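Per numbering that gives the first Met the number 0: the sequence shown = residues 0 to 440. Beta carbons: idealized from backbone N, C-alpha and C, even for Gly. Being a predicted model, the structure only gives us computed values, none of them experimental. Worksheet: one structure, shown below.
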Amino acid sequence: MGLLSGGCTITKGTPPISNIGLDKKPAPGRKSNIEVYSVWGGTVGEGMVKLAQRFEEAQPDIGVRVVYAPAGMGGGAVQQKLFTAIAGDNPPDVGQLVPSQAPQWVELGIMTDLTDRYRDAGLTKDDFFPPIWESITYQDKIWQVQWDADPNFPFFWNKNLFEESGLDPEKPPTTIEEVDEYSQKILRKSGANVTKIGMIPWDSYGYSNSLFTWGFGFGAEFFDKEREEVTPDHEYSIKALEWIVKYAKSVGGADRVTVTPPGLQLHPFSTGNIGMSPLVAPNYRDIKANVKELDIGATLLPFQAPGAKGPGAGAWIGGWGMFIPATARHKDEAWEFMRWAGATDEGTKAQWDTIGFPPGYNKAAVLNEIRDDPIMAPYYDVLTTATNIRPPVPVADFYFTQLDEQISNAVLGLSTPLEAMRTVKKNVMDEWDRFRKEVEV
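If you want it as structure tokens, here you go:
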């Protein structure tokens, strides 16, 4: 997953190789120029350059310099070039962040308050999907423009394998009980090794993302905002992790799953040996393009009552935002670029055409195009119905890393789910206390 694990970033497809670079000089003859940092390589990085060009074509006054400033592993948590520039009082005018990072960066004093700019532009919470508004606000102020809203996840099933296993290929599971029931019929082994499996619930794009997805699907909450306390040990979080661990044990252990051949380039669901799986859009698109014999259905994520109320309860919105560093020199011009890219019809259409991420701006006309795209339609359904985000706490990256470590321990049988989540809570709250003291100093 690497960089994309921060929001399970999705794109509408893989464009052909081009000679567009990852950096860009500003168009000549402009009244002012802004500098935008881009953390992406490949086609997404090229798309950011093209988006900057489209902004320059849309107005005559502001030029855009794009600087490739790659982030380290961990979903964009480590942006060395960005922090070095900020520390050296030479920041870009626009930086990128995973929305859940904002509380920490606000506390560190490196983000510009955008509340008045939103108000002056006539933008309110009604202009954004509810999870997006929750992501961009902290302490009743607005700090970023979330131009990329990732719908995590639709739920896909393999109709071929369903039929082969004696299941109705047109009837996906809607509850966790049905997932278990279907999985028993799909499971096949060669000796102790699993050759066909219903699903792999501990591997929905990393351990922490797996627990967020299935935890929300059980009705879990991972953060108590009023008490300023992380809650990985919430009743339904524990039940979700117990289910994940039980599922792994039911097939003989996570290390017994041998459903993919060596060197597989596509998502494991492409093998035809997995019955059900959440998928991000690039994986789904690649499978549809390269494994045409696979008949795939799409629906909302199964849920578990009584904590969750219906299918799709486990869905959550990730993505990326843009922010203005507190010491940026061209804040007005930076805001114009961000607002255009993330909260106008023209800009969101340009972003979809060049980069290909769904917008968080719910008034965007391009959403109709996304809804009617045969690949993106399941993601549109999630985008317009999801209510969850990953916990926006000042130690979010540390929290997610702790979840990764401790969920792994539980799945491997090194600790119980309750022990694992209590360890996460203690470690994260200790780190939060340490961070509070650091900020005070």
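key: Sequence-distant residues of the same chain with beta carbon closer than 7 angstroms to M47, five excluded per side   = Here residue 47 corresponds to residue number 48 of the sequence shown, with the count starting at 1. Take M47, set aside five residues on each side of it, and the residues of its chain with a beta-carbon closer than 7 angstroms to its own are S37, W39, V65 and I354, in chain order.
task = Assign A219 to one of three DSSP states: helix, strand, or coil.
result = In the sequence shown, counting from the first residue as 1, residue 219 sits at position 220. The DSSP-derived three-state label of A219 is coil.
task = Could you please give me the residues that DSSP links to K140 through a beta bridge?
result = Here residue 140 refers to the residue found at position 141 of the sequence shown. Beta-bridge partners assigned by DSSP to K140: Y137.
task = Determine the direct distance from the alpha carbon of T212 to that of W319, and round the result to whole angstroms.
result = For the purposes of this step, residue 319 is taken as residue 320 along the sequence shown, with counting starting at 1. For the purposes of this step, residue 212 is taken as residue 213 along the sequence shown, with counting starting at 1. Whole-angstrom Cα-Cα distance: 18 angstroms.
Three or more C-beta pairs below 8 angstroms linking the segment 178 to 187 and the segment 147 to 165 = With a cut-off of 8 angstroms, the segment 147 to 165 and the segment 178 to 187 count as touching, because enough Cβ pairs lie within range.
request  = Compare the C-alpha of R435 against each of P393, E418, G412 and V410 and name the closest.
outcome  = In the sequence shown, counting from the first residue as 1, residue 435 sits at position 436. Comparing Cα positions, the closest option is P393.
query = Can you tell me where the alpha helix (DSSP H) with M337 in it begins and where it stops?
reply = Mapped onto the sequence shown, residue 337 falls at position 338. For M337, the uninterrupted alpha helix (DSSP H) run begins and ends at K330 to A342, by DSSP.
task = May I have the straight-line CA-CA distance separating I16 from E45, to the nearest angstrom?
result = Taking the first residue of the sequence shown as position 1, residue 16 is located at position 17. Taking the first residue of the sequence shown as position 1, residue 45 is located at position 46. Only weak support exists for where I16 lies, its pLDDT of 46 falling under 50; the value from the coordinates is given anyway. I16 and E45: Cα-Cα distance of roughly 10 angstroms.
ask   = Expressed to the nearest angstrom, what Euclidean distance is found between the alpha-carbon atoms of R226 and K124?
value = Walking along the sequence shown from the start, residue 226 turns up at place 227. Walking along the sequence shown from the start, residue 124 turns up at place 125. Straight-line spacing of the CA atoms in R226 and K124 works out to 24 angstroms.
key: Endpoints, the alpha helix (DSSP H) within which G41 is located   = Locating residue 41 in the sequence shown gives position 42, where the first residue counts as 1. Per DSSP, G41 is one residue of the alpha helix (DSSP H) stretching across G41 to A57.
query = Residues bridged to Q95 by DSSP?
reply = Mapped onto the sequence shown, residue 95 falls at position 96. DSSP output for Q95 lists M321 as bridge partner(s).
ask   = Since I196 contacts V258 with CB under 8 angstroms, what's their CB separation in whole angstroms?
value = For the purposes of this step, residue 196 is taken as residue 197 along the sequence shown, with counting starting at 1. For the purposes of this step, residue 258 is taken as residue 259 along the sequence shown, with counting starting at 1. Right, the Cβ-Cβ distance comes to about 6 angstroms (below 8 angstroms), so this counts as a contact.
task = Please report the residue range of the alpha helix (DSSP H) in which R284 lies.
result = What you label residue 284 is simply residue 285 of the sequence shown in a count that begins at 1. Run containing R284: A280 to N289, per the alpha helix (DSSP H) assignment.
request  = Return the chain-ordered list of same chain residues with a C-beta closer than 6 angstroms to the C-beta of A419, the five sequence neighbours on each side being excluded.
outcome  = Position 420 of the sequence shown holds residue 419. Excluding positions up to five away in sequence, the list reads Q405, N408 and A409.
query = Hey, out of T384, D396, T343 and P416, whose CA is closest to E430's CA?
reply = Position 431 of the sequence shown holds residue 430. Nearest of T384, D396, T343 and P416 to E430, Cα basis: D396.
Start-to-end residues for the alpha helix (DSSP H) that takes in V427 = Here residue 427 refers to the residue found at position 428 of the sequence shown. Per DSSP, V427 belongs to the alpha helix (DSSP H) from P416 to E439.
query = Among all the DSSP beta bridges, which residues are the ones paired with R29?
reply = The sequence position of residue 29 within the sequence shown is 30, counting from 1. Per DSSP, none; premise fails for R29.
request  = Report the three-state DSSP secondary structure of T298 (helix, strand or coil).
outcome  = Residue numbering aside, residue 298 sits at position 299 when the sequence shown is read from its first letter. Here T298 sits in strand by DSSP.
V438 CB to nearest heavy atom of the ligand ZN below 7 angstroms = Of ligands this structure carries none, so the ligand ZN is not represented either.
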